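> Read top to bottom, the protein sequences are chains A and B.
By the count of the UniProt record's numbering, the first sequence reaches residue 421 at its end, each step adding exactly one.
By the count of the UniProt record's numbering, the second sequence reaches residue 273 at its end, each step adding exactly one.
My structure is below; once you've seen it, I'll send some questions.
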Amino acid sequence: MSAAPPTTVVPPVEVPAAPVPTVGSHLRDYWARVRGGDMGALPAVLGLIALCVVFTALRPNFMTEGNFANLFTQGAAVVLIAMGLVFVLLLGEIDLSAGFASGVCAAVLAQLVTLQGYPWWVAVAAAIVTGVVIGLVIGFLVAKVGIPSFVVTLAAFLAFQGVVLLLIKGGTNVSIRDEVLVAIANRNMPPWLGWALTLLGVAGYALVQLLRHRNRSALGLVTEPLAVVLIRIGALAVLAGTAVYLLNLERSRNVLVSLKGVPIVVPIIVILLVVLTFVLQRTAYGRHVYAVGGNREAARRAGINVDRIRISVFVICSSMAAIGGIVAASRGTSVDANTGGSKVLLYAVGAAVIGGTSLFGGKGRIVDAVLGGAVIAVIDNGMGLLGRSSGFTFVVTGLVLLLAASVDALSRRRAAATGNR
Amino acid sequence: MSATPLLELRGIDKSFGPVQVLRDVDFSVNPGEVTALVGDNGAGKSTLVKCVSGIYSADGGQVLFEGRPVQIHNPRDAASLGIEVVYQDLALCDNLDIVQNMFLGREKRRGLVLDEPTMEQMAAETLAGLSVRTVKSLRQHVSSLSGGQRQTVAIAKAVLWNSRLVILDEPTAALGVAQTAQVLELVRRLADNGLAVVLISHNMNDVFAVSDQIAMLYLGQMVAQLRTSDVTHAQVVELITAGRSGGLGLAGENGNGKRDTPPTETTSAGADR
Numbered sequence: 001m002s003a004a005p006p007t008t009v010v011p012p013v014e015v016p017a018a019p020v021p022t023v024g025s026h027l028r029d030y031w032a033r034v035r036g037g038d039m040g041a042l043p044a045v046l047g048l049i050a051l052c053v054v055f056t057a058l059r060p061n062f063m064t065e066g067n068f069a070n071l072f073t074q075g076a077a078v079v080l081i082a083m084g085l086v087f088v089l090l091l092g093e094i095d096l097s098a099g100f101a102s103g104v105c106a107a108v109l110a111q112l113v114t115l116q117g118y119p120w121w122v123a124v125a126a127a128i129v130t131g132v133v134i135g136l137v138i139g140f141l142v143a144k145v146g147i148p149s150f151v152v153t154l155a156a157f158l159a160f161q162g163v164v165l166l167l168i169k170g171g172t173n174v175s176i177r178d179e180v181l182v183a184i185a186n187r188n189m190p191p192w193l194g195w196a197l198t199l200l201g202v203a204g205y206a207l208v209q210l211l212r213h214r215n216r217s218a219l220g221l222v223t224e225p226l227a228v229v230l231i232r233i234g235a236l237a238v239l240a241g242t243a244v245y246l247l248n249l250e251r252s253r254n255v256l257v258s259l260k261g262v263p264i265v266v267p268i269i270v271i272l273l274v275v276l277t278f279v280l281q282r283t284a285y286g287r288h289v290y291a292v293g294g295n296r297e298a299a300r301r302a303g304i305n306v307d308r309i310r311i312s313v314f315v316i317c318s319s320m321a322a323i324g325g326i327v328a329a330s331r332g333t334s335v336d337a338n339t340g341g342s343k344v345l346l347y348a349v350g351a352a353v354i355g356g357t358s359l360f361g362g363k364g365r366i367v368d369a370v371l372g373g374a375v376i377a378v379i380d381n382g383m384g385l386l387g388r389s390s391g392f393t394f395v396v397t398g399l400v401l402l403l404a405a406s407v408d409a410l411s412r413r414r415a416a417a418t419g420n421r
Numbered sequence: 001m002s003a004t005p006l007l008e009l010r011g012i013d014k015s016f017g018p019v020q021v022l023r024d025v026d027f028s029v030n031p032g033e034v035t036a037l038v039g040d041n042g043a044g045k046s047t048l049v050k051c052v053s054g055i056y057s058a059d060g061g062q063v064l065f066e067g068r069p070v071q072i073h074n075p076r077d078a079a080s081l082g083i084e085v086v087y088q089d090l091a092l093c094d095n096l097d098i099v100q101n102m103f104l105g106r107e108k109r110r111g112l113v114l115d116e117p118t119m120e121q122m123a124a125e126t127l128a129g130l131s132v133r134t135v136k137s138l139r140q141h142v143s144s145l146s147g148g149q150r151q152t153v154a155i156a157k158a159v160l161w162n163s164r165l166v167i168l169d170e171p172t173a174a175l176g177v178a179q180t181a182q183v184l185e186l187v188r189r190l191a192d193n194g195l196a197v198v199l200i201s202h203n204m205n206d207v208f209a210v211s212d213q214i215a216m217l218y219l220g221q222m223v224a225q226l227r228t229s230d231v232t233h234a235q236v237v238e239l240i241t242a243g244r245s246g247g248l249g250l251a252g253e254n255g256n257g258k259r260d261t262p263p264t265e266t267t268s269a270g271a272d273r
């Protein structure tokens with residue numbers, strides 16, 4: 001036996017080049033992904049439609065202009081906190097302290113603006129800096145000391161309740177009278193400004209989408225069909241236009257006072273949605289967040305500073321909690337021991353998960369927080385209109401969160417079984 | 001055999017506390033050739049690779065790259081020399097697509113923004129250069145790929161960075177027959193493209209199918225490094241398990257003595273026929 005065994009090498013199975021995608025193939029691909037367990041925001045969108053239909057059938061005044069505007073201001077704080085939580089959840093970590101962190105930041109705001117008499121912008125800056133510091137401490141304890149995030153943030157959850165009490169001197173209600181701060185969640189933009197910003201937003205989106213499509217086509221890369229891009233732009237224009245139209249209708253029952261326009265908090269949410277989505281999808285930092293969430297060891301071997309990424313997501317989460325706290329304080333025009341407490345955290349986690357962000361890490365988008373937050377806001381609002389007790393509302397919200405987490409777990413299993421094809 | 005090997009190790013020693021894992025190991029890799037590194041479990045294959053890739057630093061000995069002595073203290077030193085390692089447990093992120101994985105940690109960007117079109121083009125060119133045609137779309141998630149395709153992506157990722165030496169740690173261990181054939185063909189193509197390839201494997205069929213040279217480790221010592229055409233399957237197995245085979249390998253009982261042939265001798269002098 002002197003010769004080496006023959007080098008039998010089977011030629012690779014030839015697969016024809018990917019066909020040029022059409023609208024039909026695009027839809028088929030999407031449906032295949034959904035069946036394969038990659039449902040994205042589909043459950044949240046379907047749930048939102050179903051809830052709206054049910055509540056409208058039971059209480060016709062659910063679908064009034066006034067109530068529609070209420071949904072935005074009621075859900076704003078939860079959505080903002082949930083946006084930050086998406087970053088933490090992407091790493092498969094959890095921040096249970098986000099609710100009370102927003103309470104602490106709101107208390108700092110109230111303390112400075114009402115009790116110390118600082119201008120509003122100093123108080124806002126101080127509240128956000130407080131959020132950054134909280135995130136740094138939590139992130140350090142998780143990433144460098146190595147305590148599980150569940151335990152660190154549970155401890156912070158307890159401690160921050162106490163901090164809120166200490167800051168507002170034991171249970172008193174500190175009211176906020178600063179005009180600018182109150183305006184954030186309680187005033188509306190003039191109708192023309194709402195339309196102008198909508199036009200700007202849709203035009204910007206169209207420009208970005210069309211430019212990307214043209215660039216990719218010019219380089220000969222596989223692109224989505226132009227029709228799909230146009231449909232997406234059209235859908236956004238219709239949705240945003242309808243919402244602004246409804247919000248610009250007169251919703252005051254009092255003839256003397258006019259009440260119309262897009263609540264000021266809406267553009268704040270939209271801008272943060274765009275900025276954070278850009279960070280996650282278009283920057284190397286965002287890519288590294290996904291990588292660490294998907295396979296920490298692979299990220300480390302690729303030269304990514306894993307500890308820095310882990311600390312940074314807690315900083316983002318607590319900073320967003322601070323912004324959520326400011327909005328909550330504005331909406332209530334006061335800060336008390338319960339600001340950011342009770343259901344805020346679970347609503348925020350629920351919003352992210354219902355929207356399609358995975359609790360197991362590696363999967364999720366910022367827009368999930370907005371969609372899931374809308375579902376939560378609709379349940380909360382609809383149950384209130386139905387005159388159900390808050391006990392009943394809690395039970396329903398809990399069940400919805402459980403349902404969303406089950407969808408997440410089951411779709412993961414399905415994705416594993418089908419190879420996510 | 002070309003004049004100077006791309007990578008040459010001379011007398012590498014490595015101990016972990018009282019345990020000497022590598023003892024006076026000589027090893028050389030030529031460009032354009034596949035050099036198989038074989039040995040039983042615990043023979044020191046992984047440790048040797050980790051010394052080359054900068055994860056460990058050797059206690060003694062010399063590392064020559066293109067004939068020049070170099071110091072490799074960390075993975076970045078290795079990467080700057082053009083040494084890339086494809087690990088057994090595939091350092092890929094399931095939740096990212098092929099392009100994102102290939103550029104992970106070294107993303108191309110324009111200003112603040114990721115330059116996706118450029119990365120996608122480079123990835124496509126690299127895969128085309130390796131004649132990989134089995135992936136449907138560069139934008140599919142790695143979780144949807146078969147084991148062979150994942151291994152292909154991991155190898156392509158190593159090749160993307162103008163690497164000179166690619167070390168593959170058990171690339172076919174978890175693969176089926178057809179996928180193994182695909183990966184072996186890819187390994188062969190890397191060498192044919194002029195890269196130096198080190199293939200660590202337990203599978204003698206794979207080793208004989210693609211390698212030009214075989215280096216055998218036995219209990220931390222380099223038993224022999226021979227041209228694949230000069231040895232038989234049975235001899236290699238004997239050298240791996242006993243440290244000697246006829247006139248080949250270590251002299252003396254259980255490989256404790258001196259070698260009777262210089263280990264880097266890769267001419268036919270070692271053949272016992």
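Ideal placement from N, C-alpha and C gives every residue a C-beta, glycine not left out.
Computed from a predicted structure; not experimentally measured.
Rounded to the nearest angstrom, what separates L359(A) and G162(A) at their Cα positions?
Each residue's alpha carbon lies about 28 Å from the other.
> Give every residue of the same chain whose Cβ lies closer than 6 Å to the Cβ of A158(B), excluding the five residues on either side of it in the sequence, and list them in chain order.
E84, V86, V166.
> Just checking: is the beta-carbon of C51(B) within a distance shorter than 8 Å of some beta-carbon in chain A?
Output row for C51(B): interface = no.
> Are the beta-carbon atoms belonging to S411(A) and G37(A) less than 8 Å from one another?
Taking 8 Å as the Cβ cut-off, S411(A) and G37(A) qualify as a contacting pair.
> With 8 Å as the C-beta to C-beta threshold (strictly closer), list the residues of the stretch 179-206 of chain B near chain A in chain order.
Listed by position along the chain: A181, Q182, L184, E185, R188, N205.
> When you compare the CB of N95(B) with every CB in chain A, is at least one pair closer than 8 Å?
For N95(B), the answer is yes, since a Cβ of chain A falls inside 8 Å of its Cβ.
> Indicate whether L276(A) and G99(A) have their beta-carbon atoms separated by less than 8 Å.
No. Outside cutoff.
> What does a CB cutoff of less than 6 Å around A302(A) pick up in its chain, not counting 5 residues either side in sequence?
No residues qualify anywhere along the chain.
> Could you check whether V289(A) and I309(A) sit closer than 8 Å to each other, using their CB atoms as the reference points?
Taking 8 Å as the Cβ cut-off, I309(A) and V289(A) qualify as a contacting pair.
> Are the CB atoms of T22(A) and P148(A) nearer to each other than 8 Å?
Their beta carbons are not under 8 Å apart, which means T22(A) does not touch P148(A) by this criterion.
> For K363(A), write down the residues that DSSP places opposite it in a beta bridge.
DSSP output for K363(A) lists no bridge partner at all.
> Return the first residue and the last residue of the alpha helix (DSSP H) that D206(B) is part of.
Unbroken alpha helix (DSSP H) run through D206(B): 204-210.
> For the stretch 267-294 of chain A, which residues have a CB atom closer than 8 Å to at least one CB atom of chain B, in sequence order?
The stretch 267-294 of chain A vs chain B, Cβ under 8 Å: R282, T283, A284, R287, H288, Y290, A291, G293, G294.
> Looking at the C-beta of Q100(B), does it have a partner C-beta in chain A at a distance below 8 Å?
Closer than 8 Å to some Cβ of chain A, the Cβ of Q100(B) qualifies, so yes.
> State yes or no: is the beta carbon of P171(B) nearer than 8 Å to at least one beta carbon in chain A?
It does not: the Cβ of P171(B) has no partner Cβ on chain A nearer than 8 Å.
> Can you look up V252(A) in the DSSP assignment and give me helix, strand or coil?
Looking at the sequence shown, residue 252(A) is not Val but Ser. It is coil, neither helix nor strand.
> Using a beta-carbon distance below 8 Å, is R110(B) in contact with chain A?
So no, R110(B) is outside the interface.
> By a C-beta neighbour count over all protein chains shown, 10 Å radius and 16 as the cutoff for buried, is S342(A) buried or exposed?
S342(A) comes out exposed.
> Can G325(A) and A404(A) be called in contact, C-beta distance under 8 Å?
Not in contact: G325(A) and A404(A) (Cβ atoms no closer than 8 Å).
> Nearest chain A C-beta to S143(B) closer than 8 Å, yes or no?
Answer yes: the Cβ-Cβ gap between S143(B) and chain A drops below 8 Å somewhere.
> Please name the residue in G39(B), G42(B), D26(B), D40(B) whose C-alpha comes closest to that of V52(B).
When each option's Cα is compared against that of V52(B), the closest is D26(B).
> Looking at the structure shown, is P69(B) part of a helix, part of a strand, or coil, going by DSSP?
Three-state DSSP puts P69(B) in a strand.
> Using 8 Å as the limit for Cβ to Cβ distance, is E8(B) near chain A?
False, the Cβ-Cβ gap to chain A never drops below 8 Å.
> Using a beta-carbon distance below 8 Å, is S137(B) in contact with chain A?
Closer than 8 Å to some Cβ of chain A, the Cβ of S137(B) qualifies, so yes.
> Within the 8 Å Cβ cut-off, does I304(A) reach chain B?
I304(A) counts as touching chain B.
> So with CB distances below 9 Å, who are the chain B contacts of S222(A)?
Per the sequence presented here, residue 222(A) reads as Val, with Ser not at that position. Going along chain B in sequence order, the residues near V222(A) (Cβ under 9 Å) are E120, S137, L138, R139.
> Please list the segments of the alpha helix (DSSP H) lying wholly inside the stretch 25-93 of chain A, counting only runs of 4 or more residues, in order along the chain.
The stretch 25-93 of chain A contains these whole alpha helix (DSSP H) runs: 42-58, 65-90.
> What residues are listed by DSSP as bridge partners for M216(B)?
DSSP, once it has assigned bridges, lists V38(B), A224(B) as partnering M216(B).
> Report yes if the CB atom of L138(B) is closer than 8 Å to the CB atom of I98(B), and no otherwise.
It is a contact, given that the beta carbons lie within the stated cut-off.
> Inspect the beta-carbon positions of T130(A) and V104(A) and report whether they are closer than 8 Å.
Going by C-beta atoms, T130(A) is nearer than 8 Å to V104(A).
> Contact criterion: CB-CB distance below 8 Å. Does G105(B) meet it with respect to chain A?
Closer than 8 Å to some Cβ of chain A, the Cβ of G105(B) qualifies, so yes.
> Return the CA-CA distance between V38(B) and A196(B), expressed in angstroms with no decimal places.
Going by the C-alpha atoms only, they are around 17 Å apart.
> Between L114(B) and chain A, is there a C-beta pair that is closer than 8 Å?
Yes, its Cβ sits closer than 8 Å to a Cβ of chain A.
> Going by Cα to Cα distance, which pick from A416(A), V313(A), F394(A) is closest to E93(A)?
The shortest Cα separation from E93(A) among A416(A), V313(A), F394(A) belongs to V313(A).
> Who pairs with A196(B) in a beta bridge, going by DSSP?
Beta-bridge pairing links A196(B) to L165(B).
> Would you kindly check if the distance between the Cβ of T232(B) and the Cβ of S211(B) is under 8 Å?
No, these two residues do not count as a Cβ contact at 8 Å.
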